[in-house]
Every structure is written in structure tokens, then in C-alpha cells.
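These notes concern the structure reproduced below.
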Amino acid sequence: MNDLAQQIEYYVRLPYRVTIERDECDGAVCYIARHPELRGCMAQGKTPDEAVADLDDALYDYITALLEEGIPIPLPIVRQIHAHKAVTSTKRWPSFSIGRTILLSQVG
């Protein structure tokens, strides 16, 4: 596996959040799935499952395009918050559990 393929594989396996919104497409109900951390990475489908399945394909293409253009790829929000809190924590607050990290990401 070459370096680009390894980088793509790394990023598509990260735990990016998925949001699903009900919408109307051409007069019919459809669903839009997005990765909020990845601006513009979205897909639509007739069902939520179809939208998420198409989002997996969109994620691969999105990551590939960013890597080929040399554009930095954002990490999932949970990891960013957890890493920041771990670095900035004091002796009084030595670490944050992932549960607290998820809660913080939902509040902010």
C-alpha cells in the first residue's frame, strides 16, 4: 500500500461525527448525512441508512481530494477536545474521560 493510500485509510477510519437531517428533494422526503467537522462532506439518500452509506463514499472522495491538494484535514471534534484538555489540565484535573469529552463537544 502506498503512502497516499495509507493516509486515506487512516483518515476514513477516524470517528467523525455524523448528523442526519430530514429534507425535501424534488418534492419527496430525503435525508442529508454530514460530517460536521469536514465542511462540505455530505451525501443524501431516500432513507437515513442510504444517506449514511453514501456518506462513506463521499468521505473517501473528500479525504482523497484534500490529501492530493495538500489541504489539512481536521480531526474529529472529540479527539481535538480530549487532546486539548489533556494538555491544558492541571494536577487537580489530571484527565477527562471520553464521556465528559463527548458531553463537552455537544455543549459547545
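Take numbering that gives the first Met the number 0: the final residue in the sequence shown is number 107, and no numbers are missing along the way.
Glycine included, every Cβ here is placed at the ideal spot set by N, Cα and C.
What you are looking at is a predicted structure, and each value in this text was computed from that prediction instead of being measured.
- In this structure the segment 29–46 does not touch the segment 1–9; the number of beta carbon pairs closer than 8 Å is below three.
- Taking every protein chain shown into account, the CB of Ile-70 has fewer than 16 other CB atoms within 10 angstroms, so this residue is exposed.
- The DSSP-derived three-state label of Glu-36 is coil.
- Check the Cα spacing between Ile-76 and each of Cys-24, Glu-36, Asn-1: the tightest is with Glu-36.
- Sorting Glu-20, Tyr-30, His-34 by C-alpha distance to the C-alpha of Leu-74 places His-34 at the top.
- In the structure shown, Thr-18 adopts extended strand secondary structure according to DSSP, grouped into three states.
- Per DSSP, the continuous alpha helix (DSSP H) segment holding Thr-63 begins and ends at 47–68.
- Pairing Val-28 with Asp-55 gives a Cβ-Cβ distance that is not under 9 Å.
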